[in-house]
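Basically the working numbering = 1-based index in the sequence shown + 2.
A virtual CB, placed ideally from N, CA and C, is assigned to each residue, including glycine.
Owing to the predicted nature of the structure, the values given are computational and were not obtained by experimental measurement.
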Amino acid sequence: MNALVLGLARSGQAAALALAARGERVVAVDRSADVETGRLETAGVEVHRGSDGASLLEGVEVVIKSPGVPNEAPIVAAARERGIPVWSEVELGYRLLSPRPFVGVTGTKGKTTTTELIGAMFRAAGRPVAVGGNVGLPLTALSAPDDAWIVCELSSFQLEDVHELALEVAVLLNLEPDHLDRHGTFERYRAAKLRIFERAQERIVPRGSGFDGIEFAADDELPAEPRIPGAHNRANAAAAAATARAVGIGDDAIAHALTTFVGVPHRLELIRERNGVRWINDSIATNTFSVRRGIEAYDAPLRLILGGRAKGEDFGEFARWLPERVRTSYLVGEATDELAEALEAAGRPFERVETIAGAVAAAAREAEPGEVVLLSPACASYDQFENFEQRGEEFRRMVEALP
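Next up, the structure:
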């Protein structure tokens with residue numbers, strides 16, 4: 003197989019290395035001239051940095067597209083015109099890991115938490131499992147026993163270019179507008195998400211969603227109450243429990259996982275309590291739907307850190323929805339003007355602070371005992387950070403450094 007890998011971030015590098023390890027000829031390309039490619043070159047991958055790859059299709063039998071590469075990219079369009087198959091890294095990972103059984107999880111909010119919680123339920127039942135995809139290791143970097151289940155988080159970007167991906171269980175958590183800057187319309191975003199159901203044997207779907215399958219809801223009876231906070235996390239727990247039951251995991255193992263699973267970093271993560279103020283890292287919240295869920299998880303007065311790079315959402319409805327217990331919003335990054343306009347029109351208080359450091363400093367001065375400072379930005383991180391994890395770690399460092 004002669005393969006061209008587009009995009010050399012985490013999943014692109016994993017795909018190229020996996021193919022090279024199998025003796026395939028691999029050409030890898032990234033538009034950035036600064037991407038680190040030492041491991042690829044050592045493995046025998048032909049690397050082209052600072053290029054769009056337009057001249058590299060000759061002799062290529064398959065294009066492996068990283069999630070960050072849009073379908074409109076010239077090289078992708080040229081490959082399709084030539085009849086060259088375009089696969090997502092997930093499609094390649096599925097083919098490399100088959101015939102192991104797969105559980106796939108998608109949705110606008112809660113994918114990582116639910117995926118990891120399902121993995122915890124497998125482990126509590128003593129059943130071999132590997133967890134990856136959009137969380138943790140890319141599928142092409144996973145290794146697992148032949149009898150292991152693969153539990154994977156699947157984003158809309160990853161689902162755009164699947165062809166043979168066939169899940170034993172496909173989980174849809176929720177569906178709200180997101181990534182409109184990439185997909186263009188909610189309809190296209192929705193269509194990408196729903197590809198998870200293609201060839202799936204069993205579906206786990208929200209109650210009242212209109213989709214056929216095993217239904218779940220936040221008020222489902224569970225064998226134990228989840229340790230992680232918030233009504234949305236109870237819905238995630240219900241989805242995970244329904245999935246576990248669908249593959250034959252008993253309630254004792256489900257209960258153990260629910261009561262011991264503490265959540266994952268950057269998702270309503272308690273960083274510290276200082277002078278009666280709780281500091282919460284929800285850097286994963288890159289759309290207003292996710293921020294609403296974060297706010298609803300707390301009854302206390304809140305100080306909200308918003309901003310970054312906007313993703314095509316209209317912030318007006320969100321600003322009007324904000325409850326009065328949100329004392330103020332600290333605005334950072336490129337979306338500051340857009341957020342300020344929406345908040346001002348809705349009569350909601352805000353401060354322009356430019357950076358995460360500025361937000362932490364302002365909140366440290368102003369927050370009162372009993373309040374919550376919530377980093378839940380409603381925006382992507384790419385204006386000031388490489389990803390939401392880096393943004394969350396910066397917040398963590400700043401908060402931990404407070405005297």
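The Cβ-Cβ distance between A242 and M123 falls below 8 Å. L377 sits close to F397, with the two beta carbons spaced by under 8 Å. The continuous stretches of alpha helix (DSSP H) do not include R327, and DSSP gives it neither H nor E.
Where F124 is concerned, the enclosing alpha helix (DSSP H) starts and stops at 113-126.
Apart from sequence neighbours up to five positions away, the residues of its chain that approach N73 with a beta-carbon distance below 7 Å are E162, ordered along the chain. Here G210 is not near P140, since their CB atoms are 8 Å or more apart. DSSP places K195 in the uninterrupted alpha helix (DSSP H) bounded by 188-196.
Distance from the Cα of D222 is smallest, within the candidate group N238, G215, G212, F213, for N238. Annotated as proximal: M400 and A359, with beta-carbon spacing under 8 Å.
Contact check for I230 and T115: beta-carbon distance about 7 Å, within the 8 Å limit, so the pair qualifies. The Cβ-Cβ distance between A81 and V88 falls below 8 Å. Using a Cβ distance threshold of 8 Å, S90 and K67 count as a contacting pair. With the rule of 3 Cβ pairs closer than 8 Å, the region 306-313 counts as touching the region 327-338.
With distances taken between CA atoms, E275 lies nearest to P371 out of H185, A23, P371, E178. Secondary structure of P76 (DSSP, three-state): helix. The shortest C-alpha to C-alpha distance from R192 to any of A244, V28, R12, T108 is the one to T108. Distance from the CA atom of W281 to the CA atom of E326, rounded to whole angstroms, is 19 Å.
Residue pairing by DSSP puts G134 in a beta bridge opposite L139, C154. Under a 10 Å Cβ-count criterion, E155 is classified as buried, with 16 or more other Cβ atoms of the shown protein chains found around its own Cβ.
Assignment of N176 by DSSP, reduced to helix, strand and coil, places it in the coil class. For the pair of segments examined, the region 200-207 was found to touch the region 163-176: the number of CB pairs separated by less than 8 Å reaches three.
Looking at the DSSP output, L144 shares a beta bridge with no other residue. Between R51 and S34, the gap from beta carbon to beta carbon is short of 8 Å.
The beta carbon of D214 sits closer than 7 Å to those of R205, all from its chain and outside the five residues before and after it, given in chain order. For L260, the three-state secondary structure derived from DSSP is helix. In the DSSP annotation of this structure, the continuous segment of the beta strand (DSSP E) that includes F352 starts and ends at 352-356. For D183, the secondary structure class from DSSP, reduced to helix, strand or coil, is helix.
In the three-state reduction of the DSSP assignment, G278 falls in the coil class, being assigned neither a helical nor a strand state.
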